[in-house]
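Trainee:
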Amino acid sequence: MSTLEDIVLAVVDDVAPFVGQGKVADYIPALACVSPERFGIAVSTIDGRCITAGDADERFSIQSMSKVLTLTLALESRAAALWTRVGKEPSGDPFNSLFQLEFERGIPRNPLINAGAIVVADCLVSDCADPRESVRSFVSYLAGATVDFDIAVATSELETGNRNAALAHLMRGFGNLENPVDRVLDTYFHQCSLAMSCRELATTFGYLAAGGTVPGGGKRIVSTERARRINALMLTCGTYDRAGEFAFEVGLPAKSGVGGGIVAVVPGKGAIAVWSPALGPSGNSVAGVEALRRFVVRTGWSVF
Ligand code: GLN
3 MSTLEDIVLA VVDDVAPFVG QGKVADYIPA LACVSPERFG IAVSTIDGRC ITAGDADERF
63 SIQSMSKVLT LTLALESRAA ALWTRVGKEP SGDPFNSLFQ LEFERGIPRN PLINAGAIVV
123 ADCLVSDCAD PRESVRSFVS YLAGATVDFD IAVATSELET GNRNAALAHL MRGFGNLENP
183 VDRVLDTYFH QCSLAMSCRE LATTFGYLAA GGTVPGGGKR IVSTERARRI NALMLTCGTY
243 DRAGEFAFEV GLPAKSGVGG GIVAVVPGKG AIAVWSPALG PSGNSVAGVE ALRRFVVRTG
303 WSVF
């Protein structure tokens, strides 16, 4: 029988032909200069092991993977009240789409598309004395390492994030933002710019695999019920307008980011983080999706 170490190495071989396929995100200029020829993978298990291969210790921009972590923080202060301001349905639209938000009167479909994450950031701006620092220290705690913002990436998005500004202004117009757009976007762009490695991400997301506690008998982060619900949102909404196909091919709760990372959760077993910067049309890493698919085929780890 193959060990997890053997399987991780086999996946690196499996995906070699896919690395570099797709296109690095260039709508955020600071991301455009990352080489598409990178690939890393890390698997953290709920008994506290972490198996890695490739560029697993290289930090990259976590982008939308941060949306799960800020959602976790906002649910702590807002609990069920959050769901009056953001939905729980997949959007079927690109992550930065505007038109559904107009039809639906400023209530985003879910917290894992940009508009929904901007509402979540708004909650943190209201509820935390220093929202950026609350996010940074929470993520550092989960990662077991000091993580930091990439200021060049955050500044680059601040200068070019016109669609996000449009989403935020539209929601403020509908009365669904409590704070001025600039303050909310400052938090949102900084959370997206957090720089982390696959090893750190797999460790960070372990609480969602371990029923809400830090793996290895650590602190409770969320209740078991909330961990289950966050996983459900990741399964249905975490890979945007490709969530159906992703569930079909991979069958795990997951969250992608335009930095090329994807993190997947296997409840009761562990978390898998993959990174390869070239993206497919929906903004998910091409080699990353393929790596997760091969990993699931080889291990049989699935929620189905
Ligand atoms: N910061 C990015 C944006 O707002 C996040 C998008 C993503 O990773 N899908 O466009």
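The opening position of the sequence shown corresponds to residue 3 in my numbering, with each subsequent residue numbered one higher.
The C-beta atom is built at its ideal place from N, Cα and C for all residues, glycine as well.
Which residues does DSSP pair with residue 281 in a beta bridge?
Mentor: Taking the first residue of the sequence shown as position 1, residue 281 is located at position 279. DSSP lists 25 and 287 as partners of residue 281.
Trainee: Below 8 Å, how does it come out for the region 8–17 and the region 41–58: are there three or more Cβ pairs, yes or no?
Mentor: A contact exists between the region 8–17 and the region 41–58.
Trainee: Going by DSSP in three states, residue 296 sits in which element: helix, strand or coil?
Mentor: In the sequence shown, the residue the question calls residue 296 occupies position 294. Here residue 296 sits in helix by DSSP.
Trainee: Ordered along the chain, which non-local residues of its own chain (more than five positions away) have a Cβ less than 6 Å from that of residue 303?
Mentor: Within the sequence shown, the letter at position 301 stands for residue 303. 268 and 271, listed in sequence order.
Trainee: Is residue 278 near the ligand GLN - that is, is its Cβ less than 7 Å away from at least one heavy atom of it?
Mentor: As a working note, residue 278 is residue 276 in the sequence shown. False, no ligand heavy atom lies under 7 Å from that Cβ.
Trainee: Quick check: what's the CA-CA separation for residue 20 versus residue 57?
Mentor: Here residue 20 is taken as the residue at index 18 of the sequence shown, counted from 1. Here residue 57 is taken as the residue at index 55 of the sequence shown, counted from 1. Near 15 Å, if we compare the C-alpha coordinates of residue 57 and residue 20.
Trainee: Is the beta carbon of residue 121 sitting closer than 8 Å to the one on residue 88?
Mentor: For the purposes of this step, residue 121 is taken as the residue at position 119 of the sequence shown. For the purposes of this step, residue 88 is taken as the residue at position 86 of the sequence shown. Yes. Within cutoff.
Trainee: Is residue 227 near the ligand GLN - that is, is its Cβ less than 7 Å away from at least one heavy atom of it?
Mentor: The count along the sequence shown starts at 1 and reaches residue 227 at position 225. Checking the Cβ of residue 227 against the ligand GLN gives no.
Trainee: Can you tell me whether residue 25 is buried or exposed? The criterion is at least 16 other CB atoms within 10 Å of its CB, across all chains shown.
Mentor: On the sequence shown, position 23 is the one that residue 25 refers to. Classification for residue 25: exposed.
Trainee: Mapping DSSP to helix, strand and coil, what is residue 125?
Mentor: Reading the sequence shown from its first residue, position 123 is the one you call residue 125. The answer is helix: DSSP assigns residue 125 an H, G or I state.
Trainee: Using alpha carbons as the reference points, say which of 132, 123, 290 and 105 lies closest to residue 170.
Mentor: Working through the sequence shown from its first residue, we reach residue 170 at position 168. Of 132, 123, 290 and 105, the residue nearest in Cα terms is 123.
Trainee: So residue 47 is in the beta strand (DSSP E); what residue range does that whole segment cover?
Mentor: Along the sequence shown, one-based indexing puts residue 47 at 45. Element bounds for residue 47: 42–47.
Trainee: By the 10 Å Cβ neighbour count, where 16 or more other Cβ atoms means buried, how is residue 182 classified, buried or exposed?
Mentor: As a working note, residue 182 is residue 180 in the sequence shown. Exposed: under 16 other Cβ atoms inside 10 Å.
Trainee: Just checking residue 260 against the ligand GLN - is the residue's beta carbon closer than 7 Å to any of the ligand's heavy atoms?
Mentor: Walking along the sequence shown from the start, residue 260 turns up at place 258. Flag set: Cβ of residue 260 near the ligand GLN.
Trainee: Quick check: the Cα distance between residue 186 and residue 138, rounded to an integer number of angstroms?
Mentor: Numbered from 1 along the sequence shown, position 184 holds the residue referred to as residue 186. Numbered from 1 along the sequence shown, position 136 holds the residue referred to as residue 138. When rounded, the distance between both Cα atoms is 16 Å.
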